[in-house]
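Below is one structure, written out as structure tokens, with a few remarks after it.
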Amino acid sequence: MKYPVYLDYNATTPCAPEVIEAMLPYFGTHFGNAASKSHPYGWAAENAVEEARERIAQLIGAKAKEIIFTSGATESINLGIKGIFDSYSGEKQHYITCQTEHKAVLDTFAELEKRGAEVSYLPVSSQGEIDLTLVEKSIQPHTKMICLMWANNETGIIHPIQELAEICEKRNLVFFTDGVQAAGKVPVSVKGIHLMAISAHKLYGPKGVGALYVRHNHDLPKPMAQIHGGGHEKGMRSGTLNVPGIVGFGQAAELRFAEMELEGKRLEILRNKLEAGILKIQGTALNGSQKNRLPHVSNISFAGVEGEELLKKINLKLAVSSGSACTSISPKPSHVLKAMGLDSDLGRASIRFSLGRATTESDIDFAIDWVKQVLEELRSRQKLLS
Numbered sequence: 001m002k003y004p005v006y007l008d009y010n011a012t013t014p015c016a017p018e019v020i021e022a023m024l025p026y027f028g029t030h031f032g033n034a035a036s037k038s039h040p041y042g043w044a045a046e047n048a049v050e051e052a053r054e055r056i057a058q059l060i061g062a063k064a065k066e067i068i069f070t071s072g073a074t075e076s077i078n079l080g081i082k083g084i085f086d087s088y089s090g091e092k093q094h095y096i097t098c099q100t101e102h103k104a105v106l107d108t109f110a111e112l113e114k115r116g117a118e119v120s121y122l123p124v125s126s127q128g129e130i131d132l133t134l135v136e137k138s139i140q141p142h143t144k145m146i147c148l149m150w151a152n153n154e155t156g157i158i159h160p161i162q163e164l165a166e167i168c169e170k171r172n173l174v175f176f177t178d179g180v181q182a183a184g185k186v187p188v189s190v191k192g193i194h195l196m197a198i199s200a201h202k203l204y205g206p207k208g209v210g211a212l213y214v215r216h217n218h219d220l221p222k223p224m225a226q227i228h229g230g231g232h233e234k235g236m237r238s239g240t241l242n243v244p245g246i247v248g249f250g251q252a253a254e255l256r257f258a259e260m261e262l263e264g265k266r267l268e269i270l271r272n273k274l275e276a277g278i279l280k281i282q283g284t285a286l287n288g289s290q291k292n293r294l295p296h297v298s299n300i301s302f303a304g305v306e307g308e309e310l311l312k313k314i315n316l317k318l319a320v321s322s323g324s325a326c327t328s329i330s331p332k333p334s335h336v337l338k339a340m341g342l343d344s345d346l347g348r349a350s351i352r353f354s355l356g357r358a359t360t361e362s363d364i365d366f367a368i369d370w371v372k373q374v375l376e377e378l379r380s381r382q383k384l385l386s
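Numbers 1 to 386, taken from UniProt numbering, label the letters of the sequence shown in order.
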């Protein structure tokens with residue numbers, strides 16, 4: 001099978017060769033259960049898990065004891081949000097989030113609303129930016145948490161995390177951030193943050209493993225467990241640990257810590273070249289602010305073509321998406337672009353290009369040429385039909 005050129009790194013990344021190599025012994029030779037404390041098989045597994053915990057903590061500026069392993073970011077988000085809701089059980093509760101959050105966050109808050117919580121879903125500007133004044137005005141006496149992602153998965157827009165952390169610190173609120181698209185891509189520090197979700201497969205690690213950073217030595221409550229049975233991970237997340245996956249996560253975190261800065265600069269140059277080439281085409285526009293965003297992501301709208309047809313045709317030779325991976329083939333327009341004010345037709349005819357380690361300059365040249373060719377073909381056909 002001949003694969004198209006891959007430009008969908010925000011959906012998932014391939015495991016780095018070093019990650020695969022680090023994981024392999026833990027499927028066979030070192031197959032022990034990290035919770036088996038009485039023999040060397042368990043000790044070897046436990047040591048490997050703790051080494052990985054250290055590496056992941058280093059990537060985000062945390063302490064190893066603040067890393068709780070999960071099956072992925074969706075579970076981390078559920079544990080963080082629902083766990084805090086349960087910690088305040090019996091109290092009137094209000095939460096602040098944003099209309100452009102990932103569906104894992106929005107759907108979890110929808111579930112909390114069914115359980116009696118009040119949730120404010122703040123709007124964004126046409127550039128995808130949050131208004132800090134509105135954030136502060138939205139705080140009520142019974143607000144428990146502000147939950148805003150570090151970097152948007154569809155547009156790459158980076159929220160002002162430090163300012164948000166200061167607001168939460170001043171008002172003694174839990175600050176939860178979905179750091180999935182930021183960790184390993186841009187410098188991340190958990191200073192002032194209480195909870196942060198991260199995922200291995202977004203930073204060249206394996207699928208099926210993630211982590212929740214939980215701040216220690218603070219008066220605000222920690223999340224209550226959502227999975228019970230055995231008291232693993234400091235009682236917050238029971239279940240046998242995915243040792244090979246955790247080892248891979250740790251190796252990936254170490255790799256990203258070492259190469260993130262240089263790789264970010266390289267990808268930004270390639271991303272800018274891609275945008276310059278595509279935005280010369282009539283009827284194209286960049287979705288979102290250029291001021292503060294991830295270096296490897298570009299979201300572009302294409303006027304005058306039907307969205308689903310555009311995506312299918314582009315994907316013959318370029319692997320791209322119209323939004324997050326969980327909704328990438330949905331005929332509905334992206335909820336992120338809708339919140340930014342794009343009309344439905346233009347929202348459907350928008351494509352996210354996300355670059356990664358294997359992306360080359362020749363890939364970018366090819367992508368520009370292919371997009372031009374597809375648009376010319378679709379628009380010519382549209383003229384004949386009209």
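Note that beta-carbon positions come from the ideal geometry of N, C-alpha and C, so glycine has one too.
Residues of the same chain with a CB within less than 7 Å of the CB of Ser-138, apart from the 5 flanking positions on each side, are Ile-96, Ser-120 and Leu-122 in chain order.
In this structure, Ala-52 lies near Phe-249, with their beta-carbon atoms less than 7 Å apart.
Contiguous beta strand (DSSP E) elements confined to the stretch 286 to 354 occur at 297 to 302 and 350 to 354, taking only those with 3 or more residues.
Nearest to Pro-4 by C-alpha distance, out of Leu-267, Pro-295, Lys-313 and Trp-43, is Lys-313.
CA-CA distance, Ala-11 to Glu-136, rounds to 32 Å.
Only exposed fits Glu-113, as fewer than 16 other CB atoms lie within 10 angstroms of its CB.
Assignment of Glu-91 by DSSP, reduced to helix, strand and coil, places it in the coil class. The DSSP assignment places complete alpha helix (DSSP H) segments of no fewer than 4 residues inside the stretch 124 to 206 at 132 to 137 and 161 to 171, in order along the chain. Proximity to Ile-364 across Gln-382, Asn-242, Arg-266 and Asp-345 peaks at Arg-266, based on C-alpha coordinates. Burial is judged here by how many other beta carbons sit within 10 angstroms of a residue's own beta carbon; Ile-68 has at least 16 and is buried. Only buried fits Ser-298, as 16 or more other CB atoms lie within 10 angstroms of its CB. Within its own chain, the residues whose Cβ lies closer than 7 Å to the Cβ of Gly-323, once the five positions on either side in sequence are excluded, are Glu-154, Ser-334, Val-336 and Arg-352, listed in chain order. As a beta-bridge residue in DSSP terms, Ser-120 pairs with Ile-96. Ranked by Cα distance from Ala-117, the first of Lys-65, Leu-132 and Asp-86 is Asp-86. Within the same chain, Ala-225, Ile-227, His-228, Gly-229, Gly-230, Gly-231 and His-232 come within 8 Å of Ser-238 by CB-CB distance, once the 5 residues on both sides are set aside. In the DSSP assignment, Gly-245 falls outside any beta strand (DSSP E) and within the unbroken alpha helix (DSSP H) covering 243 to 278.
Between the stretch 280 to 299 and the stretch 152 to 170 there are three or more C-beta pairs closer than 8 Å, enough to call the two in contact. Sorting Gly-283, Met-260 and Tyr-204 by C-alpha distance to the C-alpha of Tyr-9 places Tyr-204 at the top.
With three or more CB-CB distances shorter than 8 Å, the stretch 210 to 226 counts as touching the stretch 77 to 91.
When DSSP states are grouped into helix, strand and coil, Tyr-9 belongs to the coil group.
Leu-255 is the residue among Leu-255, Lys-170, Arg-215 and Lys-144 whose C-alpha sits nearest the C-alpha of Ala-22. Note on Glu-75: 16 or more other CB atoms within 10 angstroms of its CB, so buried under the neighbour-count rule.
A straight-line Cα-Cα distance of about 29 Å links Val-19 and Val-105. Met-149 places its beta carbon 7 Å or farther from that of Asp-107. Rounded to whole angstroms, Arg-215 and Glu-66 show a C-alpha spacing of 6 Å.
Secondary structure at Ala-211: strand, using DSSP grouped into helix, strand and coil.
DSSP lists Ala-211 as the bridge partner or partners of Phe-69. Within the same chain, Cβ atoms closer than 8 Å to the Cβ of Met-260 are found at Gly-184, Lys-185, Val-186 and Pro-187, the five residues on either side in sequence being excluded. In the three-state reduction of the DSSP assignment, Thr-108 falls in the helix class. Pairing Gly-192 with Gly-72 gives a Cβ-Cβ distance that is not under 7 Å. For Thr-284, the pairing in a beta bridge is given by DSSP as Phe-302. Straight across, the Cα-Cα distance linking Lys-92 with Met-145 is about 12 Å. Within the model, the alpha-carbon separation for Leu-310 versus Thr-133 is close to 39 Å.
If you ignore the 5 residues before and after Ser-189, its C-beta comes within less than 8 Å of the C-beta of Ile-60 and Gly-61, all in its own chain and listed in chain order.
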